[in-house]
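*Asks:* Chains L and S are the protein sequences, given in the same order. In this text, residue positions in the first sequence follow the numbering used here: the first is 3, and each later residue adds one. In this text, residue positions in the second sequence follow the numbering used here: the first is 3, and each later residue adds one. What follows is a structure written as structure tokens; I'll ask about it next.
Protein chains: 2
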Amino acid sequence: MTEIWRGPMAESLHLGHALICGPGGEIIEAWGDPQVQVYPRSSCKMLQALPLIESGAADAAGLGPEHLALACASHNGAAIHTARVADWIEGLGLAEPDFRCGSHMPKDEDAAHALIRAHAAPCQLHNNCSGKHAGFLTLNRHIGGGPDYELFDHPVQQACLRAFEEVTGQDSPGHGIDGCSAPNFLTTLHGMGRAMAWFANAREGADTRQSAAARLRDAMIAHPDLVAGEGRACTELMRACNEPVALKTGAEAFFVAIIPGRGLGIALKIADGADRAAECTIAALLVRLGVLDANHPSARKFMNKVMTNWRGIETGMIKPAAGLPG
Amino acid sequence: MTEIWRGPMAESLHLGHALICGPGGEIIEAWGDPQVQVYPRSSCKMLQALPLIESGAADAAGLGPEHLALACASHNGAAIHTARVADWIEGLGLAEPDFRCGSHMPKDEDAAHALIRAHAAPCQLHNNCSGKHAGFLTLNRHIGGGPDYELFDHPVQQACLRAFEEVTGQDSPGHGIDGCSAPNFLTTLHGMGRAMAWFANAREGADTRQSAAARLRDAMIAHPDLVAGEGRACTELMRACNEPVALKTGAEAFFVAIIPGRGLGIALKIADGADRAAECTIAALLVRLGVLDANHPSARKFMNKVMTNWRGIETGMIKPAAGLPG
Chain L
3 MTEIWRGPMA
13 ESLHLGHALI
23 CGPGGEIIEA
33 WGDPQVQVYP
43 RSSCKMLQAL
53 PLIESGAADA
63 AGLGPEHLAL
73 ACASHNGAAI
83 HTARVADWIE
93 GLGLAEPDFR
103 CGSHMPKDED
113 AAHALIRAHA
123 APCQLHNNCS
133 GKHAGFLTLN
143 RHIGGGPDYE
153 LFDHPVQQAC
163 LRAFEEVTGQ
173 DSPGHGIDGC
183 SAPNFLTTLH
193 GMGRAMAWFA
203 NAREGADTRQ
213 SAAARLRDAM
223 IAHPDLVAGE
233 GRACTELMRA
243 CNEPVALKTG
253 AEAFFVAIIP
263 GRGLGIALKI
273 ADGADRAAEC
283 TIAALLVRLG
293 VLDANHPSAR
303 KFMNKVMTNW
313 RGIETGMIKP
323 AAGLPG
Chain S
3 MTEIWRGPMA
13 ESLHLGHALI
23 CGPGGEIIEA
33 WGDPQVQVYP
43 RSSCKMLQAL
53 PLIESGAADA
63 AGLGPEHLAL
73 ACASHNGAAI
83 HTARVADWIE
93 GLGLAEPDFR
103 CGSHMPKDED
113 AAHALIRAHA
123 APCQLHNNCS
133 GKHAGFLTLN
143 RHIGGGPDYE
153 LFDHPVQQAC
163 LRAFEEVTGQ
173 DSPGHGIDGC
183 SAPNFLTTLH
193 GMGRAMAWFA
203 NAREGADTRQ
213 SAAARLRDAM
223 IAHPDLVAGE
233 GRACTELMRA
243 CNEPVALKTG
253 AEAFFVAIIP
263 GRGLGIALKI
273 ADGADRAAEC
283 TIAALLVRLG
293 VLDANHPSAR
303 KFMNKVMTNW
313 RGIETGMIKP
323 AAGLPG
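Quick look at the structure:
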């Protein structure tokens, strides 16, 4: 899918699978194997957030578009993310120890440096999945579940699994444990593409599930800075597109796009798990569909990224492989 | 070469090329394509350091094994590295601005946090290649070259190219610019394996070049902490081996091994450039040859690495693919 050039030669090469699905979930175009089994990782957060709205929990807690964008986010742990998530769970009468996502240093440089300078450890609010977990906590409080909301057998995760299987259109054959301790459900790449096309075509008011999907999709589109953060591919490419697009990355080089104006969904997985190739490929597919200008600085940054060294000298380029459009 | 497992399924997969060469440079065992063109990146630093010794520059400057290990290093920028490199170039009457490698944050956490807390920028001493560049500066001073020692046409780099071609046993068809601004010469994987086997068999006193090679190899083996740093694969695996082995990683997932007791050399390149797979594969090949115990904690760390999430829960494993030995 993606080549890493240095001087006269491609130094490294990334293989993978990608597809574009139409309004009925049909495959419009595919590269690699559409039936490959995948962990969508954080690319399925909008599926995991459906029960939060469908159950009435989101409205009961007064959640707005910013909360819903954070529920679908893999955020940088910047102040704009952690402050909102902290307020959210405080409003539920809960606190940081109620999370089950674990702690890691924030990607946001200002936030990370502030912690280092204070000789302070990060907390669970900094976890890139803390918005998803705030959504789990909101649903859990609404249904009166036990504190182990992250376990596969817990009603919160079982509700997520039902929504996941129904929207991907197929049974999930198993699950792994994600970095944030929640289950991550297996499906096929086609299943994820079908789900993204369904999100693209969801209409508020059509039915409970479509209304929930449309609210999540539109919240992501309205708040690209909350879905990831400054400098990140999701945030920059959503801002760069010519028309509304919801983008979401997942660990190990997953990427999805929801394009409501075309009724299209995209899902892709780089076989070796390299984010640089997933970011290049999603940009190339958006350019191919005409929703992103190849000359936009953000498109160039991810799709035809000129690599420079520590003295700013150009050393090579990241670019789509021949055969994958750009 | 390497599989990344999560739950019941391999989530990501790394392909690549590897070979083991015998005393005459012959291929003893190979996976993938031995003739693939590669940039060895930092894995060829011991080749680039040959002219430093052969020219008489190292002895004129009074360099010892610690300096020679640093000349072959991609170090963490810890105090043990930067202090020695600073002393070295001060002894030459030179200073930090004479480097042409550029600056980047050190990998060493203590050093990086100290800079962040001091609101200070890293300098060129922190560059992981500063030892190699100190070697270039030492050679350059000895031969009276101009300050642009990093340029392809400069006598320093031309001396490196001659040594590189003679020891790999083939002409280099071109070069790229490395992260540290020095040229990095193309060769085949077999060329690098042949060079590593030659280093394994080099005898001090046999001739000028073999003496230089033996000194560099033995300096690396004597100072695993200077070649990389705490926590790094080169350092940990060199310490873990049952017998003396020199190991060296290179960017974009290159790895080489020099095994003097067997007269063997190893070279490998993961096609997608993922370090986790290069580290797993070099450990697997060392285990296969019997120079590393598969149950040593450092072998397990890199070869059959149990992956845990932010709460310490086991989520998967990095392991050699079937067919690649382990």
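From the three backbone atoms N, C-alpha and C, an ideal C-beta is built for every residue, glycine too.
Can you find a CB in chain S that lies within less than 7 Å of the CB of A204/L?
*Replies:* Numbered from 1 along the first sequence, position 202 holds the residue referred to as residue 204/L. It does not; no Cβ of chain S falls within 7 Å.
*Asks:* Residues of chain L with a CB under 9 Å from the CB of G9/S: which are they?
*Replies:* For the purposes of this step, residue 9/S is identified with residue 7 of the second sequence, where counting begins at 1. Going along chain L in sequence order, the residues near G9/S (Cβ under 9 Å) are Y41, G176, H177, G178, I179, P185, N186 and L188.
*Asks:* With 16 other CB atoms within 10 Å as the buried threshold, where does A120/L fall?
*Replies:* In the first sequence, the residue the question calls residue 120/L occupies position 118. Looking at its Cβ environment, which holds fewer than 16 other Cβ atoms inside 10 Å, A120/L is exposed.
*Asks:* Under DSSP, the beta strand (DSSP E) around W33/S begins and ends at which residues?
*Replies:* As a first step, residue 33/S must be located in the second sequence, where it is residue number 31. I29 to W33 is the span of the beta strand (DSSP E), which, as asked, contains W33/S.
*Asks:* Could you tell me which residues DSSP puts in a beta bridge with M319/S?
*Replies:* By 1-based counting over the second sequence, the position of residue 319/S is 317. Looking at the DSSP assignment, M319/S forms a beta bridge with W7/S and V308/S.
*Asks:* Using the DSSP secondary-structure output, state which residues sit across from A248/L in a beta bridge.
*Replies:* Working through the first sequence from its first residue, we reach residue 248/L at position 246. I260/L.
*Asks:* Count the C-beta pairs between the segment 291-309 of chain S and the segment 291-308 of chain L that are closer than 8 Å, then say yes if the count reaches three, no if not.
*Replies:* Verdict: no, contact absent.
*Asks:* Can you find a C-beta in chain S that's less than 7 Å from the C-beta of W33/L?
*Replies:* Locating residue 33/L in the first sequence gives position 31, counting from the first residue. Chain S contact via Cβ: absent.
*Asks:* Which residues, in order along the segment 310-325 of chain S, keep a beta-carbon less than 9 Å from a beta-carbon of chain L?
*Replies:* Cβ contacts with chain L: N311, W312, R313, G314, I315, E316, T317 and G318.
*Asks:* Name the two residues that bound the continuous beta strand (DSSP E) containing P42/S.
*Replies:* Mapped onto the second sequence, residue 42/S falls at position 40. Careful: P42/S lies outside any beta strand (DSSP E) and carries neither H nor E.
*Asks:* Quick one: Cα of G79/L to Cα of T251/L, how far?
*Replies:* Numbered from 1 along the first sequence, position 77 holds the residue referred to as residue 79/L. Numbered from 1 along the first sequence, position 249 holds the residue referred to as residue 251/L. Taking the straight line from one Cα to the other gives about 16 Å.
*Asks:* Put A216/L into one of helix, strand or coil per three-state DSSP.
*Replies:* One-based indexing of the first sequence puts residue 216/L at position 214. DSSP places A216/L in helix when its eight states are reduced to three.
*Asks:* In terms of DSSP beta bridges, what is H19/L paired with?
*Replies:* Here residue 19/L corresponds to residue number 17 of the first sequence, with the count starting at 1. According to DSSP, H19/L bridges with K271/L.
*Asks:* Taking Cβ positions only, does L287/S come closer than 7 Å to chain L?
*Replies:* Here residue 287/S is taken as the residue at index 285 of the second sequence, counted from 1. Chain L contact via Cβ: absent.
*Asks:* Cα separation between M198/L and L191/L?
*Replies:* Residue 198/L sits at position 196 when you count from the first residue of the first sequence. Residue 191/L sits at position 189 when you count from the first residue of the first sequence. Their Cα atoms are separated by approximately 11 Å.
*Asks:* Within the 7 Å Cβ cut-off, does E5/L reach chain S?
*Replies:* By one-based count along the first sequence, residue 5/L stands at place 3. Not an interface residue.
*Asks:* Bridge partners for A12/L per DSSP, in chain order?
*Replies:* The residue given as residue 12/L occupies position 10 in the first sequence. In the DSSP output, where bridge partners are listed per residue, A12/L has W7/L.
*Asks:* With distance defined between alpha-carbon atoms, name the residue in L52/L, A259/L and A301/L nearest to L21/L.
*Replies:* Your numbering for residue 21/L matches position 19 in the first sequence. Of the listed residues, the one whose Cα sits closest to L21/L is A259/L.
*Asks:* Tell me which residue opens and which closes the beta strand (DSSP E) that P185/L is part of.
*Replies:* Start at 1 with the first residue of the first sequence, and residue 185/L comes out as number 183. P185 to F187 is the span of the beta strand (DSSP E), which, as asked, contains P185/L.
*Asks:* Please report how far the alpha carbon of A63/S lies from the alpha carbon of L94/S, in whole angstroms.
*Replies:* Taking the first residue of the second sequence as 1, we reach residue 63/S at position 61. Taking the first residue of the second sequence as 1, we reach residue 94/S at position 92. Going from the Cα of A63/S to the Cα of L94/S covers about 7 Å.
*Asks:* Output, in sequence order along the chain, the residues in the segment 102-126 of chain L whose CB is closer than 8 Å to any CB in chain S.
*Replies:* Cβ contacts with chain S: R102, C103, G104, S105, H106, H115, I118 and R119.
*Asks:* Between which two residues does the alpha helix (DSSP H) harbouring G195/S extend?
*Replies:* Locating residue 195/S in the second sequence gives position 193, where the first residue counts as 1. Looking at the DSSP string, the run of the alpha helix (DSSP H) that includes G195/S is L191 to N203.
*Asks:* Does T210/S pass the burial test, meaning 16 or more other C-beta atoms within 10 Å, or should it be called exposed?
*Replies:* Here residue 210/S refers to the residue found at position 208 when the second sequence is read from its first residue. Exposed is the call here.
*Asks:* Once the 5 residues before and after S45/L are set aside, which same chain residues still bring their CB inside 6 Å of it?
*Replies:* For the purposes of this step, residue 45/L is taken as the residue at position 43 of the first sequence. K250, G252, F256 and V258.
*Asks:* Give every residue of the same chain whose Cβ lies closer than 7 Å to the Cβ of L326/S, excluding the five residues on either side of it in the sequence, and list them in chain order.
*Replies:* Locating residue 326/S in the second sequence gives position 324, counting from the first residue. Only M3, W33, T283 and A286 meet the Cβ criterion.
*Asks:* For L15/S and chain L, any beta-carbon pair shorter than 7 Å?
*Replies:* For the purposes of this step, residue 15/S is taken as the residue at position 13 of the second sequence. Output row for L15/S: interface = yes.
*Asks:* Whose C-beta lies closer than 6 Å to the C-beta of I315/L among residues of the same chain, with five residues either side of it excluded?
*Replies:* Working through the first sequence from its first residue, we reach residue 315/L at position 313. None.
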